[in-house]
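*Asks:*
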Amino acid sequence: MDVTARVDIHFEPFETVRVPTGLHCTPPDGTYIRIADRSSMALRGFRVGGGVVDPSYTGEICVIMSNELNRSQDIKQGDRVAQFIMERFARPEVIQVPKEAILGEQGIAGFGSTG
1 MDVTARVDIH
11 FEPFETVRVP
21 TGLHCTPPDG
31 TYIRIADRSS
41 MALRGFRVGG
51 GVVDPSYTGE
61 ICVIMSNELN
71 RSQDIKQGDR
81 VAQFIMERFA
91 RPEVIQVPKE
101 AILGEQGIAG
111 FGSTG
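Going left to right, the sequence shown walks through residues 1 to 115 as full-length UniProt numbering numbers them.
(1) Thinking just about the alpha-carbon of each residue, which of LYS76, TYR32, LYS99, GLU68 is nearest to the one in PRO55?
(2) Cα separation between SER72 and GLU12?
(3) Which residues in the same chain as GLY45 place their Cβ atom closer than 8 angstroms to its Cβ, once the five residues preceding and following it in sequence are excluded?
(4) Using 8 angstroms for Cβ pairs, my map puts VAL19 next to VAL53. What's the rounded Cβ distance?
(5) Between the Cα of VAL7 and the Cα atoms of LEU23, PHE14, GLU15, which residue gives the shortest distance?
(6) Can you tell which of PRO27, GLN96, GLY49 has its C-alpha closest to the C-alpha of GLY59?
Right, dumping it as structure tokens:
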């Protein structure tokens, strides 16, 4: 679903701003809203950040947008700035594992350690 800006917004170079949408939403149980870039805005040098709306959030949804260009830009009221995507999620069972149980070939080496 495309989402529009509720007001005109001016961005200075490399500035990050919360863009109000005027939308409030309570997603169904087991879902959340992901806020994603629109390709047309990405081509203009805008990026969306902080793209998850928690299921329990009830306030106005704002889109965190950054101007990644070295020049000022404007977004006008009604411009389509982002996309809302409703996604399902599962709540994993998280358990604490003893350190001895995770010391294997990869162990705790982390990112890129397996080639």
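Built from N, CA and C at the ideal position, the CB exists for glycine as well.
*Replies:* The answer reads as follows:
(1) Within the sequence shown, residue 55 is the residue found at index 55, counting from 1. Checked all of LYS76, TYR32, LYS99, GLU68; the closest Cα to PRO55 is TYR32.
(2) Within the sequence shown, residue 72 is the residue found at index 72, counting from 1. Within the sequence shown, residue 12 is the residue found at index 12, counting from 1. About 4 angstroms.
(3) Position 45 of the sequence shown, counted from the first residue, corresponds to residue 45. If we look at GLY45 and ignore the five residues flanking it on each side, its Cβ neighbours are ASN67, GLU68, LEU69, GLN73.
(4) Counting from one through the sequence shown, the residue named residue 19 turns up at place 19. Counting from one through the sequence shown, the residue named residue 53 turns up at place 53. That pair is no contact at about 14 angstroms.
(5) To locate residue 7, count along the sequence shown from 1; it is residue 7. Among LEU23, PHE14, GLU15, the Cα nearest to that of VAL7 belongs to LEU23.
(6) In the sequence shown, the residue the question calls residue 59 occupies position 59. Answer by Cα proximity: PRO27.
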